[in-house]
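Heads up, the sequence shown is in our numbering, so the first residue is 10 and it goes up one at a time.
For every residue, glycine included, the Cβ atom is placed at its ideal position computed from N, Cα and C.
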Amino acid sequence: MYEAAVGKKIAEHEVKIEQLVQVEKDSEVEQAKVIARFKNEGVNNSEVASRLDLSTSVVCKLGKICVEKASEDEQKMTCVPEEMATGMNILV
């Protein structure tokens, strides 16, 4: 009986952890979009870091998450996971 309750609690905590990880990833994508807009305006990493109250290393990391893709009609910012951005035109 006790083991079943412990198992249930563990499962609940695992679900909560997965939810928090997803929230963190979504937050990083949103931050990366903001940083990409600054970069498109020609603002350097140090200035972006200062304006957003982040460290320069965090700005660099988030800047690598967003890659620029041009469409036929307009230019769009598409954020992709960092591991997928390897070999693409990275904004830094």
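Annotated three-state conformation of residue 52 is coil, per DSSP. Rounded to whole angstroms, residue 60 and residue 10 show a C-alpha spacing of 55 Å. Following the DSSP letters along the chain, one finds residue 63 in no alpha helix (DSSP H), marked with neither H nor E.
With respect to the 8 Å criterion, residue 71 and residue 21 are not classified as neighbours on the basis of their beta carbons. Counting the other Cβ atoms within 10 Å of the Cβ of residue 17 gives fewer than 16, which makes it exposed.
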